[in-house]
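In what follows, a structure is listed as structure tokens, so that the remarks can point back to it.
Residue numbers (the working numbering): 1 to 75.
This is the structure:
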């Protein structure tokens, strides 16, 4: 467990307010998860957009190569 959680539980046991401290620990962990999730989603969006751009560029290049190869066919 993180050091902060251990200290908060210890203080809660010593003061007789363990329930309140456990709720505070839960709130702290929930906030940490929320911040981390926001950071990951913030990084994921540009990566997805970049990936879609690569797919579109691949399709455009494939179509242009097909068009140029048709022009090279002797009649």
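The beta carbon of each residue, even a glycine, is placed where N, CA and C say it ideally should be.
{"Check": "Is residue 3 near residue 21, with beta carbons less than 8 Å apart?", "Outcome": "no"}
{"Check": "Compute the Euclidean distance between the alpha carbons of residue 71 and residue 56, then round it to the nearest angstrom.", "Outcome": "23 Å"}
{"Check": "Quick check on DSSP: helix, strand or coil for residue 1?", "Outcome": "coil"}
{"Check": "For residue 60, count neighbouring Cβ atoms within 10 angstroms of its own Cβ and tell me buried if that reaches 16, exposed if not.", "Outcome": "exposed"}
{"Check": "Rounded to the nearest angstrom, how far is the Cβ of residue 33 from that of residue 5, given a contact under 8 Å?", "Outcome": "At roughly 14 Å, the Cβ-Cβ gap does not stay under 8 Å, so residue 33 and residue 5 are not in contact."}
{"Check": "Please state the DSSP three-state secondary structure of residue 108.", "Outcome": "Outside the shown range of the chain (1 to 75) lies residue 108, about which nothing can therefore be said."}
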